[in-house]
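K.L.:
Every position in the sequence shown, counted from 1, becomes a number in the working numbering once 1014 is added. Pasting a structure below so you can have a look.
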Amino acid sequence: MKPTCFGMIRCIVQELLELFRLLKLLFPVRKHLHQEDKTMERHDNNIYISLLCRIVVWAIVIVIIWWMVVWIQKKIKSMYESISRISRISREPIMSDSLESLPTDSAHGLFNHFLYLFLTRHPSSVAYDSSSFAPSRNVENNVENTIAPNSDHQPPQQRPKCSKGEKVCKEFMEEYFGKPFEKVRPHFLQNPVTRENLELDCYNEELKLAIEYNGRQHYEYTPFMHSTKETFYAQQYRDLIKQELCKKNGIDLITVPYKIPESAIPDYIQSELSKLGRLQN
């Protein structure tokens, strides 16, 4: 789309021609000229032409500069809008203090560091797009989740089903502690970008203890599970935010990877509880 300044070129040319006509009126027209006077007149005409050319060139330069300024202004505005999307992230202590200072002395630490750099440069990865609401499937547990990941209000009949791994975690925790562990979206677990609450698979508020069962989609990008790579990065981001917010609010969060066999999940959880000093006598 051409800037409006191009529509003014015709008017500018007309103004320049009028200026040229007025300049010629500054000099009297001599009707009876000698040979020397004719030479002088040709010299004057050359001056007029030179003056007109200079004015036209400078007018074109000014128009081009104006167009460039308008174009740069639009680019700056677009960049500002993109930066404003992550302004909330940069102000969050979770992102500015925790993620940016993650250790880089291991492969996992390096991944977190580069993930942070990616998120700060691609703010659209943090929020959900239309493709993020596509049904996601858990291949290992034959579970289909057709609910928007960040939906706060879900009718009971549309709530995500528990995977087999989640079910094992829930049953073990409830039997071990004798207290309910429900799938919840607590207010303290708010996504700093979307301002919607993230989900915990198994959580007991009294014990301040939570369990997350992470399927393959939390660790690997696969086109079948993620519509785009940005969807995968958004998943990684939410997992990091979930860990940091739980830590900030004094919640012990145990993550059970999908590679742990179902039969070994109880032993794995007990091992993690032991590290946290949460084993029951």
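Think of the CB as a built atom: it goes at the ideal place given N, C-alpha and C, for glycine as much as any other residue.
Roughly how many angstroms separate the alpha carbons of Lys1089 and Trp1080, rounded to a whole number?
P.N.:
14 Å
K.L.:
Taking C-alpha atoms, which residue in Trp1085, Pro1237 and Gln1284 lies nearest to Glu1189?
P.N.:
Distance from the Cα of Glu1189 is smallest, within the candidate group Trp1085, Pro1237 and Gln1284, for Gln1284.
K.L.:
Between Tyr1235 and Gln1250, what straight-line distance do the alpha-carbon atoms span, to the nearest angstrom?
P.N.:
C-alpha separation (whole angstroms): 10 Å.
K.L.:
Look up Leu1214 in the DSSP assignment and say whether it is helix, strand or coil.
P.N.:
strand
K.L.:
Going by DSSP, what residue range makes up the beta strand (DSSP E) through Leu1267?
P.N.:
Its beta strand (DSSP E) spans residues Asp1266 to Pro1271.
K.L.:
Within 10 angstroms of its Cβ, does Gly962 collect 16 or more other Cβ (buried), or is it exposed?
P.N.:
Because the chain here runs from 1015 to 1295, residue 962 falls outside it and cannot be looked at.
K.L.:
Nearest to Phe1186 by alpha carbon, out of Ala1073, Lys1289, Ala1224 and Ala1248?
P.N.:
Ala1224
K.L.:
How long is the line joining the alpha carbons of Thr1245 and Leu1066, rounded to whole angstroms?
P.N.:
Rounded to whole angstroms, Thr1245 to Leu1066 spans 60 Å at the Cα level.
K.L.:
Which value, in whole angstroms, describes the spacing of the CA atoms of Gly1179 and Glu1196?
P.N.:
For Gly1179 and Glu1196, the distance between alpha carbons rounds to 14 Å.
K.L.:
Going by Cα to Cα distance, which pick from Glu1220, Glu1286 and Val1084 is closest to Val1270?
P.N.:
Glu1286
K.L.:
What did DSSP end up calling Ala1278 once you bin it into helix, strand or coil?
P.N.:
helix
K.L.:
Measuring alpha carbon to alpha carbon, tell me which of Leu1259, His1232, Pro1280 and Ile1078 ends up nearest Cys1183.
P.N.:
Pro1280
K.L.:
In or out: Ala1248 buried (at least 16 other Cβ within 10 Å) or exposed?
P.N.:
buried
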